[in-house]
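In full-length UniProt numbering, the protein residues as written are 1 to 234.
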């Protein structure tokens with residue numbers, strides 16, 4: 001089951017853009033426009049984050065209820081308020097929201113806040129495992145040490161396994177905004193990621209489709225005996 005992000009808003013444009021970006025990045029979404037429905041949706045086990053719009057009636061109250069419910073979970077709450085609504089923004093923070101944005105805000109900023117914080121569970125593909133909160137990676141139970149960009153690329157791939165992404169999309173998702181990155185630079189970081197993941201002679205898990213891009217998809221999780229051989233190599 002994919003991690004789910006609840007989008008609590010009656011703004012059709014916001015819902016359309018947020019849903020498109022999040023589902024394109026490997027998340028499931030739940031669209032809700034009423035405070036009570038937002039609270040109910042946030043109770044689902046698969047929910048990892050919430051984007052709540054201050055334009056929703058009783059939005060701050062819904063935020064407070066969800067914060068009470070999440071005592072034993074890792075739901076992250078990102079709120080969106082209108083210009084000049086400083087009091088509402090402060091109310092969201094007092095209610096327990098993790099971050100508040102003021103309109104207008106680039107969709108990529110909302111996406112990054114939800115994705116970077118909202119995936120606190122471990123991601124797994126084959127024998128590759130990532131702990132988002134601790135920023136740690138293992139392959140076949142062996143620790144893998146990744147620089148920041150390589151970690152971001154692997155995380156992006158793990159969120160949408162078996163999907164091929166072009167270089168421009170990888171740049172948008174994995175590099176800080178406002179920084180120019182040449183597409184050839186992606187090749188360099190993919191090469192570094194490959195070398196890091198081929199620990200102990202393990203097969204290359206990165207799939208390349210010439211003329212299109214990269215993804216993860218060549219790990220066969222049904223071969224524990226091969227994994228044992230990888231770990232046995234010096």
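Cβ atoms here follow ideal geometry from the backbone N, Cα and C, with glycine treated the same way. Here the structure is a predicted model, which means the values were calculated and not measured.
Assignment of residue 59 by DSSP, reduced to helix, strand and coil, places it in the helix class. Annotation for residue 92: the continuous alpha helix (DSSP H) segment containing it runs 86–95. Apart from sequence neighbours up to five positions away, no residue of its chain approaches residue 34 with a beta-carbon distance below 6 Å. By the Cβ criterion, the segment 157–164 is in contact with the segment 6–26, since at least three pairs of Cβ atoms, one from each stretch, lie closer than 8 Å.
Per the coordinates, the alpha-carbon of residue 20 lies some 27 Å from the alpha-carbon of residue 126. Taken through DSSP and simplified to helix, strand or coil, residue 173 comes out as helix. Residue pairing by DSSP places residue 50 opposite 6, 77 in a beta bridge.
Annotation: residue 94 to residue 100 spans about 11 Å, alpha carbon to alpha carbon. With the rule of 3 Cβ pairs closer than 8 Å, the segment 190–208 counts as touching the segment 139–157. The beta-carbon separation of residue 78 and residue 41, rounded to 15 Å, does not stay under the 8 Å limit for a contact.
Residue 131 has 122, 136 as its beta-bridge partners, per DSSP. One Cα belongs to residue 53, the other to residue 204, and the distance between them is close to 43 Å.
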